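Residue 3 is where the sequence shown starts when you use our numbering, and the numbers rise one by one after that. Idealized CB from N, CA, C, for every residue including glycine. Quantities reported herein were computed from a predicted structural model and do not represent experimental measurements.
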Amino acid sequence: MRGPGISGSQNFLGTGISIPAFGTFIQAIAKTGDSDLLSTPHILALDNEDAEINVGDNIPLQTNAVAAFPALGGAAGAAGGAGALGALGGLGGFGSFGSPRQDVGTKIKIKPHLNDSNEVRLDISEEISEQGAPLGGTLGAIPISKRTATTKLVVQDQQTVVIGGLIRNVTARAEEKVPVLGDIPVLGALFRKRTNTQEKRNLVLVMTPYIIRNQQDLRTVFERKMQERQEYLDRYFIFSETSDYKPPKDWSRTNGLVEDIRQAYFHLEERRRLDEITRPRELKTHDPQRPLEMPQGVQRSTTPGASPTPAPTPNTPPGGATPPINVNPAVRNIEKIEK
3 MRGPGISGSQ
13 NFLGTGISIP
23 AFGTFIQAIA
33 KTGDSDLLST
43 PHILALDNED
53 AEINVGDNIP
63 LQTNAVAAFP
73 ALGGAAGAAG
83 GAGALGALGG
93 LGGFGSFGSP
103 RQDVGTKIKI
113 KPHLNDSNEV
123 RLDISEEISE
133 QGAPLGGTLG
143 AIPISKRTAT
153 TKLVVQDQQT
163 VVIGGLIRNV
173 TARAEEKVPV
183 LGDIPVLGAL
193 FRKRTNTQEK
203 RNLVLVMTPY
213 IIRNQQDLRT
223 VFERKMQERQ
233 EYLDRYFIFS
243 ETSDYKPPKD
253 WSRTNGLVED
263 IRQAYFHLEE
273 RRRLDEITRP
283 RELKTHDPQR
293 PLEMPQGVQR
303 STTPGASPTP
313 APTPNTPPGG
323 ATPPINVNPA
333 VRNIEKIEK
């Protein structure tokens, strides 16, 4: 860098040349910034119906050039020759740029399915897009970065669920220098500039469904959201020294002590039942027993053509009383006891 002439050095040695002063310009800048971007879109949907919300911008995108006035320029050039109308023939190459538009921002599309157990099945499709820095060139194209998530899940009423997350770490290094001089060892640092950029982004997608059955539920959700908004403003913008933020909870839809005890007992009984089912059983063994015997007086002949033997006539006890019958279940034999 050439500086002003040194005082007293004018007309050096009678040549009229002054000795300039040389100086250097040293620039060292360190920049650190943190930003938290919180987007909280809300949408109201019907059961088994698609709902979509789009929060963002609609930006123009330059594309290819489109020729314009070709017929006019050609006709004027043929009629005018080399005169002023001939110059109009140049309109044949004149064109314009097409400029379609692109939506960027946060787009959420959901389809809820409700059941009788206060559970919600959600079909979710979420897209977060943003425009980047314009690229070099004649068209000045603008890149669009997109992050999408598509999933299906089942959650309870007022249960917060994390759909997904993305951690992005970008490190960029750039160097600008004066040709030749910037490559000189040690002294070359005076003729070059290096830039180190490190960027970290953490993206977290969180969703909380609320089942609205009547107008009172809708009013309750509205008041809760307004209270959360006010607490958020008080915490981050008014710098009030308050405790950690805790979102309100709807106690009317939570279980009481008796219900907690009942559910704990139910889970315990279910655990016992599963243990009983999965418990290994004892192996069964076969215990052979004495074969059954035919009653006395009944005989089965195995000889073909033989007549059956008549049963002996039992003795009648004195007094004409019928003797008792003794039945042995193990042997299954009927005996008459004579007295």
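With a cutoff of 7 angstroms on beta-carbon distance, Ser-131 and Val-172 are scored as not near each other. Using a C-beta cut-off of 8 angstroms, the stretch 104-122 makes contact with the stretch 53-60, since at least three inter-stretch Cβ pairs fall below that distance. Judged by DSSP in its simplified three-state form, Val-180 adopts coil rather than helix or strand. Here Pro-43 is exposed: its Cβ has fewer than 16 other Cβ atoms, across all protein chains shown, within 10 Å.
Under DSSP, the beta-bridge partners assigned to Ala-151 are Glu-128. Residue burial is scored here from C-beta neighbours: Leu-207 has at least 16 other C-beta atoms within 10 angstroms and is therefore classed as buried.
With a threshold of 16 other beta carbon atoms within 10 Å, Ile-110 meets it and is buried.
According to the DSSP assignment, His-269 belongs to the alpha helix (DSSP H) that extends over 259-280. Per DSSP, reduced to three states, the secondary structure at Arg-283 is coil, with no helix or strand assignment. Taking all protein chains in view, the Cβ of Val-122 is crowded by 16 or more other Cβ atoms within 10 Å, so the residue is classified as buried. Excluding residues up to 5 positions away in sequence, Asn-171 lie with their Cβ nearer than 6 angstroms to the Cβ of Lys-202 in the same chain. One Cα belongs to Lys-195, the other to Glu-178, and the distance between them is close to 5 angstroms. Beta-carbon to beta-carbon, Asp-159 and Asn-120 are separated by about 5 angstroms, close enough to satisfy the 8 angstroms threshold. In the displayed model, Ala-135 falls within coil according to three-state DSSP, outside both helix and strand. Residue pairing from DSSP places Ile-61 in a beta bridge opposite Gln-104. Setting aside the 5 residues that flank it on each side, Gly-134 is surrounded in the same chain by Ile-144, Pro-145, Ile-146, Ser-147, each with a C-beta closer than 8 angstroms to its C-beta; the list follows chain order. Taken atom to atom, the span from the alpha-carbon of Leu-276 to that of Asp-262 is near 21 angstroms. In this model, Pro-282 and Ala-266 are separated by some 26 angstroms (Cα to Cα).
Assignment of Gln-158 by DSSP, reduced to helix, strand and coil, places it in the strand class. Secondary structure at Gln-232: helix, using DSSP grouped into helix, strand and coil. If you draw a 10 Å sphere on the C-beta of Glu-128, you find 16 or more other C-beta atoms in it, and that means buried.
Here Ile-112 is buried, its C-beta having at least 16 other C-beta atoms within 10 Å. Secondary structure note for Met-209: its beta strand (DSSP E) is the uninterrupted segment 194-209.
Assignment of Thr-42 by DSSP, reduced to helix, strand and coil, places it in the coil class. As far as DSSP is concerned, Thr-222 takes part in no beta bridge. Around the beta carbon of Pro-136, fewer than 16 other beta carbons sit within 10 angstroms, so the residue counts as exposed.
Going by beta carbons, Val-163 and Val-157 fall inside the 7 angstroms limit. Partner residues in the beta bridge of Val-163, as assigned by DSSP, are Met-209.
Under a 10 Å Cβ-count criterion, Pro-181 is classified as exposed, with fewer than 16 other Cβ atoms of the shown protein chains found around its own Cβ.
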